[in-house]
Amino acid sequence: MTKREGLPPLKGPDAAPHHPAGPEPAATGLTGLALMVVLTGYALSIVDASIVNVALNSIDDDLHGGPAALELVVSGYGLTYALGLVLGGRLGDAFGRRRLYAYGLAAFTLTSALCGLAPTVGFLVAARLLQGAAAAMLVPQVLATIQAATQGQARARAIGLYGATAALGMVVGQILGGLLVSLDVAGMGWRSVFAINVPIGVAALLAVRRVPPTRADVRPGFDPAGTVLFGVTMVCVLALVVAGPDLGWPLWLWSLLVVAAVGAVALLRTERRLEARGGSPLLSPSVLSHPGMRRGLAAMVPFSAGFGAFLFVYALVAQGHFGFDGLASGAVLTPFAVAFFAVTLFTPRIAAALGGRIVTLGALVQGAGLLLLALVMGLGWPRPSLVLVLVGIGLFGVGAALTGPTLFRMILADVPPAQAGMGSGVLVTSQQMATALGATVGGSLYLSLDGWLTTASATVLVIALLGCFAVTVLVISLKLPDPR
Numbered sequence: 001m002t003k004r005e006g007l008p009p010l011k012g013p014d015a016a017p018h019h020p021a022g023p024e025p026a027a028t029g030l031t032g033l034a035l036m037v038v039l040t041g042y043a044l045s046i047v048d049a050s051i052v053n054v055a056l057n058s059i060d061d062d063l064h065g066g067p068a069a070l071e072l073v074v075s076g077y078g079l080t081y082a083l084g085l086v087l088g089g090r091l092g093d094a095f096g097r098r099r100l101y102a103y104g105l106a107a108f109t110l111t112s113a114l115c116g117l118a119p120t121v122g123f124l125v126a127a128r129l130l131q132g133a134a135a136a137m138l139v140p141q142v143l144a145t146i147q148a149a150t151q152g153q154a155r156a157r158a159i160g161l162y163g164a165t166a167a168l169g170m171v172v173g174q175i176l177g178g179l180l181v182s183l184d185v186a187g188m189g190w191r192s193v194f195a196i197n198v199p200i201g202v203a204a205l206l207a208v209r210r211v212p213p214t215r216a217d218v219r220p221g222f223d224p225a226g227t228v229l230f231g232v233t234m235v236c237v238l239a240l241v242v243a244g245p246d247l248g249w250p251l252w253l254w255s256l257l258v259v260a261a262v263g264a265v266a267l268l269r270t271e272r273r274l275e276a277r278g279g280s281p282l283l284s285p286s287v288l289s290h291p292g293m294r295r296g297l298a299a300m301v302p303f304s305a306g307f308g309a310f311l312f313v314y315a316l317v318a319q320g321h322f323g324f325d326g327l328a329s330g331a332v333l334t335p336f337a338v339a340f341f342a343v344t345l346f347t348p349r350i351a352a353a354l355g356g357r358i359v360t361l362g363a364l365v366q367g368a369g370l371l372l373l374a375l376v377m378g379l380g381w382p383r384p385s386l387v388l389v390l391v392g393i394g395l396f397g398v399g400a401a402l403t404g405p406t407l408f409r410m411i412l413a414d415v416p417p418a419q420a421g422m423g424s425g426v427l428v429t430s431q432q433m434a435t436a437l438g439a440t441v442g443g444s445l446y447l448s449l450d451g452w453l454t455t456a457s458a459t460v461l462v463i464a465l466l467g468c469f470a471v472t473v474l475v476i477s478l479k480l481p482d483p484r
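At position 95 of the sequence shown the residue is numbered 95 (this note's numbering), and the sequence of numbers has no breaks.
Here it is as structure tokens:
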């Protein structure tokens, strides 16, 4: 059961959260305004992951940082963000999700201001690292609050809007970044892409009291061994994904996978022993072993990897071959965002009618969109039909809208509200890691093929790889539980 933050805390030693035998009573409903408040913070974190990409040239002209520093401006945010998600979710379970959301949003707003005021590229990199950590504090509280404060169709609609926020944020980030840099608002140049977060963050903070406060009945204890082992495992994997393309994949870098594997095995054993003793593991093995969580994550990984690869390779082709700027390349993705948002509004009804087969349908529609794009690029190169490209991108968005929010619901369905923060952290971490891995694999493959094949052939082959991700999701979907 969940507990209101205004009541006196329970006394006694730290213990594992108690799972009620009966059904979980609903928390005070998540109103439309409260949902808008938490989704605003989530949208800021998504937009900031992509908005800076189109401002890199302006940042370099102003701060003279060089390629390595500019890479850290982008990847540093993602690094601390991915590292902190699970811990941020667990802290929300312990100290209150609304409280952690407010702290995270305040820190995100402050670090956004610091980014906009950065006098040197080193200062900017440091501020981006802190900004990613702040995002890791606030983001897990969004899904956790939805999980703890809603039920039934209200939860399905809220999770659908959560997924739509992610899709819109990625596209809006590119369009808004290009627009702000080109308009040079108040002579701020690239600094405006960070400054815009400040008034939005302040407005959301003023309304944060409308969010229902929830947390675990019994405050979970701290798991230092699990936290350290999880951090080591994540750092090794992230180092490979982030540094691999720039360093040329040296052998010593691949050895980090061995360290990550050892760390993962040690983490699993440590968490099992701690949970068996009645402690509070950072990652609860009993929760992670639920079929919905296990199979849903198995489908989420290829789904997110395909999505990350699609966006990254699209940017390479649109800006590298066709010469689009950030604003134009983002505008071409508008059908994806519009289709995703529109279909999300009807996803709960479709899921109620089709059950688990909605993910199968989504994978098929995504595959159809990719097939159309492959045919248009292969047969229409070097001037493919823009209309058909937009249709293909729109179909990809429809498939993503059918698949993504449904997987979110499946993964969190068996997570007790007392551990909603932990479940949310695991989900978002898996999503972010898979997206980054997909972008790395897809981008590296495209650049390698483009070196010895024509650009058209390289593009078609990478689209075929994306089709393999969709087929993988389709196969896994046949074993997924019914989300109804």
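Backbone N, C-alpha and C define an ideal beta-carbon position, used for all residues, glycine too.
Per-residue DSSP class, three states only, for residue i
i      : result
Ala207 : coil
Ala216 : strand
Ser192 : helix
Arg383 : coil
Ala21  : Bear in mind that a pLDDT of 34 at Ala21, under 50, signals an unreliable position, so the number given afterwards is only what the model happens to contain. In this structure, Ala21 counts as coil in the three-state DSSP scheme.
Arg4   : Model confidence at Arg4 stands at a pLDDT of 41, short of 50, so the residue's coordinates are unreliable; what they give is reported in the following sentence. Reduced to three states, the DSSP call for Arg4 is coil.
Phe346 : coil
Asp184 : coil
Pro291 : helix
Leu251 : helix
Ser286 : helix
Leu402 : helix
Asp482 : coil
Gly41  : helix
Pro13  : Note that Pro13 has pLDDT 37, beneath the 50 cutoff, so the model's placement of it is unreliable and the number below is only indicative. Coil, per DSSP.
Pro199 : helix
Asp93  : helix
Gly278 : coil
Thr31  : coil
Close beta carbons around residue i, own chain, < 6 Å, minus the five adjacent residues each side
i      : result
Leu129 : Gly76, Thr80
Ala512 : Missing from the structure shown is residue 512; the chain here goes from 1 to 484 and no further.
Gly22  : Because the pLDDT of Gly22 is 37, which lies under 50, any placement of that residue in the model is unreliable, and the number read from its coordinates should be weighed accordingly. Excluding sequence neighbours, Gly22 sits near nothing in its chain.
Leu50  : In the sequence as displayed, the identity of residue 50 is Ser instead of Leu. Hits under 6 Å: Met170, Gly173, Gln174.
Thr406 : Ala351, Ile358, Val359, Pro483
Leu370 : Ile463, Leu466, Gly467
Ala434 : Val301, Ser304, Ala305
Gly263 : Leu229, Val232, Thr233
Gly84  : Ala133, Ala136
Rounded distance between the beta-carbons of residue j and residue i, thought under 8 Å
i      : j      : result
Val460 : Gly378 : 5 Å
Ala337 : Leu168 : 5 Å
Pro140 : Gly177 : Contact flag wrong, Cβ pair sits at about 25 Å.
Ile200 : Leu44  : 6 Å
Leu138 : Ala127 : That belief does not hold up - the Cβ atoms of Leu138 and Ala127 are roughly 17 Å apart, past 8 Å.
Ala144 : Arg209 : So it is not a contact: roughly 18 Å between Cβ atoms.
Tyr42  : Tyr162 : 7 Å
Val142 : Ala34  : That belief does not hold up - the Cβ atoms of Val142 and Ala34 are roughly 11 Å apart, past 8 Å.
Residue interval of the alpha helix (DSSP H) (run including residue i)
i      : result
Gly320 : That residue, Gly320, is in no alpha helix (DSSP H); it is neither H nor E in DSSP.
Ser112 : 97-116
Leu333 : Note, Leu333: premise wrong, no alpha helix (DSSP H); not H, not E.
Trp452 : 420-452
Asp246 : 224-247
Val415 : No alpha helix (DSSP H) holds Val415; DSSP gives it neither H nor E.
Gln147 : 121-149
Leu465 : 455-477
Cut-off 7 Å between Cβ atoms - residues of its own chain near residue i, not counting five sequence neighbours on either side
i      : result
Gly175 : Looking at the sequence shown, residue 175 is not Gly but Ile. If we look at Ile175 and ignore the five residues flanking it on each side, its Cβ neighbours are Leu327, Gly330, Ala331.
Phe340 : Ala164, Ala167, Gly397, Ala400, Ala401
Thr472 : Pro302
Ala69  : Val121, Val125
Ile159 : Ile146, Pro405, Phe408, Arg409
Gln431 : Met300, Ser304
Cβ shell of residue i (< 8 Å), same chain only, five flanking positions each side left out
i      : result
Gly226 : Leu267, Thr270, Glu271, Leu274, Pro281, Leu282, Leu283
Val181 : Val54, Ala55, Ser58, Gly189, Trp190, Ser192, Val193, Gly326
Arg295 : Met410, Ile476, Lys479, Leu480, Pro481
Leu316 : Gly443, Tyr446, Leu447
Val287 : Met293, Asp414, Val415, Pro416, Gln419, Met422, Gly423
Contained alpha helix (DSSP H) runs [length at least 4] in the segment 45-77, N- to C-terminal order | 56-63
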